[in-house]
Amino acid sequence: MDLYDKTFNTNVRSVFLLTNLAVPHLTESQGIFVTISSVTGRWVFGFLPAYAMSKAALDHFTSYWQVNGVSPRTVPTNLQQNAGLDNGGMNQLLEKVAIKHSFGRVGSVDEIS
Numbered sequence: 001m002d003l004y005d006k007t008f009n010t011n012v013r014s015v016f017l018l019t020n021l022a023v024p025h026l027t028e029s030q031g032i033f034v035t036i037s038s039v040t041g042r043w044v045f046g047f048l049p050a051y052a053m054s055k056a057a058l059d060h061f062t063s064y065w066q067v068n069g070v071s072p073r074t075v076p077t078n079l080q081q082n083a084g085l086d087n088g089g090m091n092q093l094l095e096k097v098a099i100k101h102s103f104g105r106v107g108s109v110d111e112i113s
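Residue numbers (the UniProt record's numbering): 1 to 113.
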């Protein structure tokens, strides 16, 4: 439950609290709020269920508030390694998910910014 709590606190609770604090200021300044989600919120890859659930919750929250959301395709990061995937498992995962993306490949960190 520690990983679940940490994941939801980071990906959902923090955004919820910050958005509620920011809305009056954003309304006044006509600013926008941008969330960063993940394709994992829509597609299940069979690992990191708490992460996938948190990103699905963030997607729903984003649509509720009508804020802008960025949801990049799969990007190799230390998240997969922290989930216990070795290089072989990581390569298998990336090959499996690459075909689901419109470009036929996974993304890179440099493409997100």
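Glycine residues also receive a C-beta, built at the ideal position from the N, C-alpha and C atoms.
Each residue's CA atom was taken as its position, placing F16 and K100 some 30 Å apart. The beta carbon of V75 sits closer than 7 Å to those of V106, G107, S108, V109 and I112, all from its chain and outside the five residues before and after it, given in chain order. Counting every other CB atom within 10 Å of its CB across the protein chains shown gives L3 a total below 16, marking it as exposed. Judged by beta-carbon spacing, V44 lies beyond the 8 Å limit of A57, meaning their Cβ atoms are not closer than that value. By the Cβ neighbour-count rule, G41 is buried, with 16 or more other Cβ atoms within 10 Å of its own. S63 sits exposed, since fewer than 16 C-beta atoms from the chains shown fall within 10 Å of its C-beta. With respect to A98, G89 sits apart: the two C-beta atoms are not nearer than 8 Å.
No Cβ-Cβ contact shorter than 8 Å links T77 with A50. For T19 and T35, the gap between their C-alpha atoms comes out near 10 Å.
Per DSSP, the continuous alpha helix (DSSP H) segment holding I112 begins and ends at V109 to I112.
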